[in-house]
Amino acid sequence: DTAVSQTPKYLVTQMGNDKSIKCEQNLGHDTMYWYKQDSKKFLKIMFSYNNKELIINETVPNRFSPKSPDKAHLNLHINSLELGDSAVYFCASSRPISTGELFFGEGSRLTVL
Amino acid sequence: TQLLEQSPQFLSIQEGENLTVYCNSSSVFSSLQWYRQEPGEGPVLLVTVVTGGEVKKLKRLTFQFGDARKDSSLHITAAQPGDTGLYLCAGAPEQYALNFGKGTSLLVTP
Numbered sequence: 001d002t003a004v005s006q007t008p009k010y011l012v013t014q015m016g017n018d019k020s021i022k023c024e025q026n027l028g029h030d031t032m033y034w035y036k037q038d039s040k041k042f043l044k045i046m047f048s049y050n051n052k053e054l055i056i057n058e059t060v061p062n063r064f065s066p067k068s069p070d071k072a073h074l075n076l077h078i079n080s081l082e083l084g085d086s087a088v089y090f091c092a093s094s095r096p097i098s099t100g101e102l103f104f105g106e107g108s109r110l111t112v113l
Numbered sequence: 001t002q003l004l005e006q007s008p009q010f011l012s013i014q015e016g017e018n019l020t021v022y023c024n025s026s027s028v029f030s031s032l033q034w035y036r037q038e039p040g041e042g043p044v045l046l047v048t049v050v051t052g053g054e055v056k057k058l059k060r061l062t063f064q065f066g067d068a069r070k071d072s073s074l075h076i077t078a079a080q081p082g083d084t085g086l087y088l089c090a091g092a093p094e095q096y097a098l099n100f101g102k103g104t105s106l107l108v109t110p
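Residue numbers (the working numbering), protein chains in the order written: chain A, 1 to 113; chain B, 1 to 110.
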């Protein structure tokens, strides 16, 4: 069983479209995250949820909206996609925030044309 | 955001050589983690160091946390092609998510 799974793995779309990436974890963790990894491999925190509540929202355009229907799921919806949104988006989960090991999904590679 | 600087950014070596990767910050961390990421996959935790001066070994990998808990190093002895990957250090300011360094891309050729 995959611990943290995200779909889709690849997403190619046109500028201006709206798209979603889904994430699910079966580890029983309370905290989930979205990270963005750019073309230079820099991994940057975007959002963090703890028990369905948003606790971290870094400087991310409000075109990005996370949603956590329950503590095992954290989805990312992106409106009006721009070229600069092209990146690999990683979902992760952990137990206590800031000290726990992060378990990452395989990533979703988004390409905006 | 507390910056973690990693060096070198890229490293290409032959099988059997030794190497050291550095992770530095001007901030103090309660703990530091090292991850390895292979192409097409998410990062996987290698080790967490917590105590200043701590040394941890994982087979041919040796991790050290600086006395002041501001820096860390990863030393690989007799590197093998299977060690190829992106090595990331990560630290967490209190009550925040992990911040990652920019990574060191290691290529070990046979």
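The C-beta atom is built at its ideal place from N, Cα and C for all residues, glycine as well.
None of these values were measured; they are calculated from a predicted model.
Assigned secondary structure, residue i (DSSP; H/G/I helix, E/B strand, else coil)
{"i": "Asp67 of chain B", "result": "coil"}
{"i": "Gly42 of chain B", "result": "coil"}
{"i": "Asp83 of chain B", "result": "helix"}
{"i": "Asp30 of chain A", "result": "coil"}
{"i": "Gly91 of chain B", "result": "strand"}
{"i": "Leu83 of chain A", "result": "helix"}
{"i": "Lys71 of chain A", "result": "coil"}
{"i": "Val28 of chain B", "result": "coil"}
{"i": "Lys52 of chain A", "result": "coil"}
{"i": "Arg36 of chain B", "result": "strand"}
{"i": "Arg95 of chain A", "result": "coil"}
{"i": "Thr7 of chain A", "result": "strand"}
{"i": "Gln37 of chain A", "result": "strand"}
Neighbourhood of residue i by C-beta distance below 7 Å, restricted to the same chain and skipping five residues each side
{"i": "Gly85 of chain B", "result": "Arg36, Gln37, Glu38, Leu106"}
{"i": "Asp83 of chain B", "result": "Ile76, Leu106, Val108"}
{"i": "Asn51 of chain A", "result": "Asp30, Lys71"}
{"i": "Gln80 of chain B", "result": "Glu15, Val108"}
{"i": "Glu101 of chain A", "result": "Ser94"}
{"i": "Glu82 of chain A", "result": "Met15, Val112"}
{"i": "Leu45 of chain B", "result": "Gln33, Tyr35"}
Same chain, Cβ closer than 6 Å to residue i, neighbours up to 5 away in sequence not counted
{"i": "Thr20 of chain B", "result": "Ser73, His75"}
{"i": "Phe64 of chain A", "result": "Ile78"}
{"i": "Leu61 of chain B", "result": "Ile76"}
{"i": "Thr7 of chain A", "result": "Lys22"}
Closer than 8 Å to chain B by CB, residue i
{"i": "Ile45 of chain A", "result": "yes"}
{"i": "Tyr49 of chain A", "result": "no"}
{"i": "Leu81 of chain A", "result": "no"}
{"i": "Glu53 of chain A", "result": "no"}
{"i": "Ile56 of chain A", "result": "yes"}
{"i": "Leu110 of chain A", "result": "no"}
{"i": "Leu76 of chain A", "result": "no"}
{"i": "Phe64 of chain A", "result": "no"}
Of the listed residues the options, nearest to residue i (C-alpha basis)
{"i": "Gln104 of chain B", "options": "B:Cys23, B:Gly16, B:Gln14, B:Glu17", "result": "Correcting the residue identity first, residue 104 of chain B is Thr in this sequence and not Gln. Selected option, being the one with the closest Cα: B:Cys23."}
{"i": "Gly66 of chain B", "options": "B:Glu54, B:Phe100, B:Ser26, B:Leu3", "result": "B:Glu54"}
{"i": "Trp34 of chain B", "options": "B:Val49, B:Ser26, B:Gly42, B:Ser27", "result": "B:Val49"}
{"i": "Asp71 of chain B", "options": "B:Ala78, B:Val44, B:Thr51, B:Ala79", "result": "B:Thr51"}
{"i": "Thr13 of chain A", "options": "A:Gly105, A:Ala87, A:Gly107, A:Glu106", "result": "A:Ala87"}
{"i": "Tyr49 of chain A", "options": "A:Asp38, A:His73, A:Lys19", "result": "A:His73"}
{"i": "Phe47 of chain A", "options": "A:Asn57, A:Ser39, A:Arg109", "result": "A:Asn57"}
{"i": "Ser80 of chain A", "options": "A:Asp18, A:Gln37, A:Ile55, A:Glu53", "result": "A:Asp18"}
{"i": "Lys59 of chain B", "options": "B:Arg69, B:Val47, B:Ala68", "result": "B:Val47"}
{"i": "Ser68 of chain A", "options": "A:Pro8, A:Tyr10, A:Ser20", "result": "A:Ser20"}
Min CB distance residue i to chain A below 8 Å
{"i": "Glu41 of chain B", "result": "yes"}
{"i": "Gly103 of chain B", "result": "yes"}
{"i": "Asn24 of chain B", "result": "no"}
{"i": "Asn99 of chain B", "result": "yes"}
{"i": "Leu45 of chain B", "result": "yes"}
{"i": "Thr51 of chain B", "result": "no"}
{"i": "Thr20 of chain B", "result": "no"}
{"i": "Thr109 of chain B", "result": "no"}
{"i": "Thr48 of chain B", "result": "yes"}
Close beta carbons around residue i, own chain, < 8 Å, minus the five adjacent residues each side
{"i": "Gly40 of chain B", "result": "none"}
{"i": "Phe103 of chain A", "result": "Ala3, Val4, Gln25, Leu27, His29, Ala92, Ser93, Ser94"}
Residue i: CB within 7 Å of a non-hydrogen atom of the ligand MG
{"i": "Ser27 of chain B", "result": "Although the ligand MG was asked about, the structure shown includes no ligands whatsoever."}
By the 9 Å beta-carbon criterion, what residues does the stretch 10-27 of chain A contribute toward chain B? Going along the stretch 10-27 of chain A in chain order, one finds no residue with a Cβ nearer than 9 Å to chain B.
If you measure beta-carbon to beta-carbon, which residues of the stretch 67-89 of chain B are closer than 7 Å to chain A? When C-beta distances to chain A are compared with 7 Å, the residues of the stretch 67-89 of chain B below that value are Leu86, Leu88, in chain order.
Output needed in chain order: residues of the stretch 26-40 of chain A with a Cβ under 9 Å from some Cβ in chain B. Within the stretch 26-40 of chain A, contact with chain B at the beta-carbon level (separation under 9 Å) is assigned to Thr31, Tyr33, Tyr35, Gln37, Lys40.
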